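Using our numbering, you'd call the opening residue of the sequence shown number 97 and step up by one each time.
Glycine included, C-beta positions come from ideal geometry on N, C-alpha and C.
Treat the numbers as computed from the prediction; the structure is a model and nothing was measured.
The structure appears right after this line, and notes come after that.
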Amino acid sequence: MKMRGAKAMLESLKREGVEVMFGIPGGSVIPLYDEIYDSDIRTLLMRHEQAAAHAADGYARVSGDVGVCISTSGPGATNLVTGIATAFLDSSPIVAFTGQVPRSMIGKDSFQEADSVGVTMPITKHNFQFYSVEEIPYTIKKAFKIARSGRPGPVLIDVPKDVQEKEADMKFPNDVDIKGYNPNVTGHPRQIKKAVDLLLSAQRPIALVGGGVIISGASKELMDFVEMLGLPVVTSLMGKGAFPENHPLALGMIGMHGRKAGNFAISDADVIIAIGCRFSDRTTGNVNCFAPEAQLIHVDIEAAEIGKNVPCHVPVVGDAKQVLKEMIKIAAVKAKKHPEWTKKVKQFKKEFSPKMDYDDVPLMPQRVIKEIMEVISGDDIVVTEVGQCQMWAAHFLSRTKSRTFISSGGLGTMGFGFPAAIGAKMAKPEQNVIDIAGDGSFMMNCQELATTVVEDVPVVVAVMNNHYLGMVRQWQELFFDRRYSGVYLGEVPDYLKLADAFGANGIRVEKPGDIRKAVKEAFTSGRPTVIDFVVKRESNIFPMVPPGGCLKDIIEG
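Here's what the structure looks like:
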């Protein structure tokens, strides 16, 4: 089948099931966009390439499939970098296409030339550059296979302009063999048995659940396993939603801004089974005093993560879903529970229940989160920006289903939430999507209001407006004698006027009794909506473990 390179790219994407892409055209990808003109694949015109990468990431996290973004060469490609790095740290499968100057001009400092392959090598699972037209179908097939399989992640394909324009006979493979790439998904039977035996011998066992459980679709297996053994469950930020947070065994998120009950329970455990969790510093606190009495079982598809941050007693390399299935078979024969430990954990949960019923004016963020939680359904999708807003949502807002809480964990990327919400809405158009935002983080990609209006993507942005870069200000308040350096954002913008300028809906809320009404109005309006919640300026996210502290060294506020 003879066709241009650009058309072969679109045909390859169609065969991968791609229905939507996010990008911005430029000189080096005009041939590709010329083919897009006649394509059935919907391509959203974003207003910044970073936002295109975040939108593809949000789409991937909600759909469970690969998100796709496109940029032109040079500055377009380098603008994608933050979004690619965000996806890399959180194991999100995206494929990024970057335009490139013609092959004959590469390496000559040509106009809008950048070494996209070299720049992104440390932040991609793999990357490619097309050297010939004929290789296009094979390379794209490889890229999607790598992005999806094993531990997912971003893959970049650099596309010289002349490769898009040339014609060749194309063959589209159904599958490709990638030499040296063979992710292990099945845990070793002996290690699995060791893990179960250690759990059965424990007096105070606990499960720590990370994003790997969500990625593998293992929530049902996790539920069956922990209920069989009566294991309390805590999560990392990325694991939020993998286990219903309204379940009697759920203790919520642990870490720097985790639930106090979860932090105390894992600190007192004698055996921890960590599933799909990489033990980031924000989860463990000071690793030297993390769970000091516990033996650790670590289940992860990525062998390099096991023992990297926390010493491991029983490693199990494999996919969370497959490993849990095998563990259930073994545990079912001699499962036992721990009534004294269960009683203690329940006491933690009761004693440390967070307060959310504030009637203050200006608003307290906890009350805003409480009202949002009572409006949304279990299927609705919550996306967050980064900072205090992120931690208020993670700490106080309960989620019961996988892929309904989307946040930038590893890189902590301000500006992530709003474009990721656009991607999430494109993945699940029938569900409400709300971005829990801070004014500082939202302003970093607020230009995407234009995208939501023009492309008719009715997402809601709930701005916790305190006129500060709130998380930095909180640290300055607590640890630097309130020396607020470089964090005051001023009294601008007026978010109602900003929304109106883009043709979006704007609502301001100043009283607790108006919160729920505003959220309902935003969802039923069918329009992109910015809700300006006027919150207390020096409101803080507590509890908090100080930097370098142990999980029990909690600042209460």
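In the DSSP assignment, E263 falls within the unbroken beta strand (DSSP E) covering E263 to D265.
Around L109, the same chain offers M117, I137, V164 and I236 as residues with beta carbons nearer than 8 angstroms, after the five sequence neighbours per side are excluded. In the DSSP annotation of this structure, the continuous segment of the beta strand (DSSP E) that includes V559 starts and ends at V556 to N561. At least 7 angstroms separates the beta-carbon of I242 from that of V255.
In the three-state scheme derived from DSSP, where H, G and I count as helix and E and B as strand, F386 is classed as coil. DSSP lists V367 as the beta-bridge partner residues of P301. With contacts defined as CB atoms closer than 7 angstroms, I502 and R143 fail to qualify as a contacting pair. Taking 8 angstroms as the upper bound for CB-CB distance, E467 and V615 are in contact here, some 7 angstroms apart. A straight line joining the alpha-carbon of I368 with that of G474 spans about 28 angstroms. Y227 carries a coil assignment under DSSP once its states are collapsed to helix, strand and coil. It is roughly 10 angstroms from the alpha-carbon of V383 to the alpha-carbon of L647. Contact check for V529 against V555 passes: the beta carbons are separated by less than 7 angstroms. Here P269 has P233, Y234 and K237 as same chain residues with Cβ atoms under 7 angstroms from its own Cβ, once five neighbours each way along the sequence are excluded. DSSP places Q570 in the uninterrupted alpha helix (DSSP H) bounded by G566 to F575. Taken in chain order, the unbroken stretches of beta strand (DSSP E) that lie wholly in the stretch 257 to 293 and span 3 residues or more are 263 to 265. Taking 7 angstroms as the cut-off, the Cβ atoms of A357 and F492 do not count as close. With fewer than 16 other Cβ atoms inside 10 Å of its own Cβ, D577 counts as exposed. Fewer than three beta-carbon pairs drawn from the stretch 519 to 527 and the stretch 584 to 601 are found closer than 8 angstroms, and the two stretches are therefore not classed as touching. The continuous beta strand (DSSP E) containing G602 extends over residues N601 to V605. For Q443, the closest of F360, V557, V406 and M423 by C-alpha to C-alpha distance is F360.
Under the rule that a run must span 4 or more residues, the alpha helix (DSSP H) segments found entirely inside the stretch 102 to 134 read 126 to 132. Secondary structure of P411 (DSSP, three-state): strand. By the criterion of at least three beta-carbon pairs nearer than 8 angstroms, the stretch 607 to 624 is not in contact with the stretch 308 to 316. The C-alpha of N601 lies about 21 angstroms from the C-alpha of I465.
In this structure, T500 lies near I477, with their beta-carbon atoms less than 7 angstroms apart. In this structure, K98 and A264 form a Cβ contact; the two beta carbons are roughly 7 angstroms apart against a cut-off of 8 angstroms. The stretch 467 to 513 is shown to contain whole beta strand (DSSP E) runs of 3 or more residues at 477 to 480, in chain order.
Beta-bridge annotation (DSSP): L392 is paired with I368.
Secondary structure of Y454 (DSSP, three-state): coil. Within the DSSP secondary-structure output, V631 pairs in a beta bridge with L459.
Counting C-beta pairs with one atom in each stretch, the stretch 412 to 420 and the stretch 283 to 297 have three or more that are closer than 8 angstroms, which means they touch. Judged by their CB atoms, A427 and M324 are nearer to each other than the 7 angstroms cut-off. If you draw a straight line from the Cα of A390 to the Cα of V329, it is about 15 angstroms long. Contact between the stretch 267 to 281 and the stretch 332 to 347 is absent: fewer than three C-beta pairs spanning the two stretches fall below 8 angstroms. Take G307, set aside five residues on each side of it, and the residues of its chain with a beta-carbon closer than 8 angstroms to its own are D186, S187, S332, M334, G335, A338, G372, C373 and G505, in chain order. Going by beta carbons, A192 and I202 fall outside the 7 angstroms limit.
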